[in-house]
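Working notes for the structure below.
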Amino acid sequence: MGSGLLHPFPKRRQRERYRGIFFILGLNAATDSFAVGLYEGRTIVPMGAFLRGLNARDKETLRQTIQQNQIQSEGAFIAVAPAICVELSFQAVEQRELIDPAFISFQLAVPSAECTWDKLIRDNTIVHSEVRITHPEKLVWKDLHIDKEGYLAYLIQISPYMLPFLQNRTLTLIRYPQGIPGESFFQKDCPDYAPSFIATEREGDKSYIVCNDLSTLCWLGNQLAIEYHIPFQAIGNDRPLEIVLDLDPPSREKFQLAVKAATEMKRIFDSFGIISFPKISGGKGLQIHIPVSSNSQLTYDDARVFTSFLANYLVEQFPDDFTIERLKKNRGGRLYIDYIQHAAGKTIISPYSTRGNEDATVATPLYWEEVNEQLSVRTFNIPYVLDRLTRVACPMSDFFKQENKGLEQVIAKLKERSIVRS
133 MGSGLLHPFP
143 KRRQRERYRG
153 IFFILGLNAA
163 TDSFAVGLYE
173 GRTIVPMGAF
183 LRGLNARDKE
193 TLRQTIQQNQ
203 IQSEGAFIAV
213 APAICVELSF
223 QAVEQRELID
233 PAFISFQLAV
243 PSAECTWDKL
253 IRDNTIVHSE
263 VRITHPEKLV
273 WKDLHIDKEG
283 YLAYLIQISP
293 YMLPFLQNRT
303 LTLIRYPQGI
313 PGESFFQKDC
323 PDYAPSFIAT
333 EREGDKSYIV
343 CNDLSTLCWL
353 GNQLAIEYHI
363 PFQAIGNDRP
373 LEIVLDLDPP
383 SREKFQLAVK
393 AATEMKRIFD
403 SFGIISFPKI
413 SGGKGLQIHI
423 PVSSNSQLTY
433 DDARVFTSFL
443 ANYLVEQFPD
453 DFTIERLKKN
463 RGGRLYIDYI
473 QHAAGKTIIS
483 PYSTRGNEDA
493 TVATPLYWEE
503 VNEQLSVRTF
513 NIPYVLDRLT
523 RVACPMSDFF
533 KQENKGLEQV
543 IAKLKERSIV
553 RS
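Put into structure tokens, the structure is as follows:
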């Protein structure tokens, strides 16, 4: 799993370079360099400047064109409106600046509106030849103006963090073919028209898709699979990889109930030496993931001993705030601690999956110190999550490395106590 900060482009061999089409922003007469940029959404983002690659004639032509069409000049810099497009090669991008850019060609037939950050990412991503991107301009989230190309760019950038949770697990998807809001449907069976490289796993009468790689993720993204729900166990294994508790308040307005429940749980986890990871569900609550060691023999029944104890304890301590009542009409505005959902055949939303709501929220892993009164579900949308990963490492970067021996010890003691009582 990617444990460092977000790197927008997949790594390549040392001598291989990326390519992209940019629009000219102006001329820096002091350095004799040409500034370039891209659109990110509707905002112009400067991407640095290039010096090399132009022959003397083309350089002079470009310089004169800028001077004749300037819209502003400040000091040595002469600015032009986005109109002249060029193809550049570059070594990398750091903090939205091209590293070692070089001119390849003029692209005068390309409209400047097509020079986007999302397109740059997609064009520099190598996927299986059978992956076809259709209607990249289709709006998926209208209020945030995120089109299908923007969504695919999100999946590409988030893939190092998301794929480890999809790895070797059967997928239940929710697709929104016309974008959000719009009609949606669950998809468990792999469709007949899926490309030949799509891996599947037969379970009962269903042939589930297994998303182990970026090509599969991009193909699913083009199908506008928006939500990625995963089981708690890997393929061919009947033991859980993790224990997850879902903290479900009656509404987003009551989200602080989820913060309170999570905080109380963390207190208990710390006293038992249990390592846990909170996650914004992207809906209206929080989910707590507890990793189970790959060497563990814990069963779902074992896990239920622990989750049942935890839920009942919190309800006893805070009967006005929390409940384990399944029927919504009987909850009385209290937060529902869902421990029943953790079972074979059940699923949970994957970390970093988008959600099918108009806010474009993401099921985002958190650091425990972020679970406080300032926390809000709406904050964690696609643009915010991508920006966040340029500043902080993924909180779940070492999730699958945890032994969590404290968990097994607690469950063993709870089972002993149950035997003594019976």
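According to this note's numbering, the sequence shown is numbered sequentially starting from 133. Every residue, glycine too, gets a C-beta built ideally from N, C-alpha and C.
- In the pairwise beta carbon analysis, the segment 149-165 is classified as touching the segment 197-207: at least three pairs are separated by under 8 Å.
- Where Pro214 is concerned, there is no enclosing beta strand (DSSP E), because DSSP gives it neither an H nor an E.
- In the DSSP annotation of this structure, Thr486 is not part of any alpha helix (DSSP H), being labelled neither H nor E.
- Under the rule that a run must span 4 or more residues, the alpha helix (DSSP H) segments found entirely inside the segment 148-236 read 188-200.
- By the criterion of at least three beta-carbon pairs nearer than 8 Å, the segment 364-381 is not in contact with the segment 314-331.
- Beyond the five residues adjoining it in sequence on each side, Ser508 comes within less than 8 Å, by CB distance, of Phe387 in the same chain, given in chain order.
- Residue pairing by DSSP leaves Val542 without any beta bridge partner.
- Excluding five sequence positions before and after Phe454, the CB atoms of its chain that fall closer than 7 Å to its own CB belong to Ala393, Leu446, Val447, Arg466, Leu467 and Ile469, given in chain order.
- The residues Thr304, His361, Ile362 and Pro363, in chain order, have a CB closer than 7 Å to that of Thr479 in the same chain once the five nearest residues on each side in sequence are set aside.
- According to the DSSP assignment, Lys338 belongs to no alpha helix (DSSP H) but to the beta strand (DSSP E) extending over Lys338 to Val342.
- Using a Cβ-Cβ distance cut-off of 8 Å, the segment 481-495 and the segment 455-464 are not in contact, since fewer than three pairs of beta carbons, one from each stretch, lie closer than that value.
- Distance from Glu333 to Tyr340 at the Cβ level is roughly 5 Å; contact confirmed, criterion being Cβ atoms closer than 8 Å.
- Ranked by Cα distance from Gly311, the first of Leu287, Ile358 and Cys350 is Ile358.
- Less than 8 Å separates the beta-carbon of Phe531 from that of Pro423.
- Contact check for Met179 against Glu229 passes: the beta carbons are separated by less than 8 Å.
- For Asp491, same chain residues with a beta-carbon under 7 Å away, outside a window of 5 residues either side, are Arg510 and Asn513 in chain order.
- The beta carbon of Ile153 sits closer than 6 Å to those of Cys217, Glu219, Gln239, Val242 and Cys247, all from its chain and outside the five residues before and after it, given in chain order.
- Inside the segment 242-322, DSSP marks whole alpha helix (DSSP H) runs of 4 or more residues at positions 249-255 and 280-298, from first to last along the chain.
- When only Cα atoms are considered, Pro327 and Val263 end up about 8 Å apart.
- Going by DSSP, Leu377 is part of the beta strand (DSSP E) stretching over Glu374 to Asp380.
- The C-beta of Ser244 has 16 or more other C-beta atoms within 10 Å across all chains shown, which makes the residue buried.
- Between Leu346 and Ser291, the gap from beta carbon to beta carbon is short of 8 Å.
- Under DSSP, Thr455 takes part in a beta bridge, and its partners are Tyr468.
- Per DSSP, the beta bridge partners of Phe409 are His421.
- Inclusion of Asp279 and Leu271 in the CB contact set at 8 Å is warranted, their separation being smaller than that value.
- Closest in alpha carbon position to Arg487, among Trp273, Pro527 and Leu442, is Trp273.
- Secondary-structure assignment with DSSP links Arg334 through a beta bridge to Ser339.
- For Ile375 against Met397, the beta-carbon gap comes to about 12 Å, at or over 8 Å, which does not count as contact.
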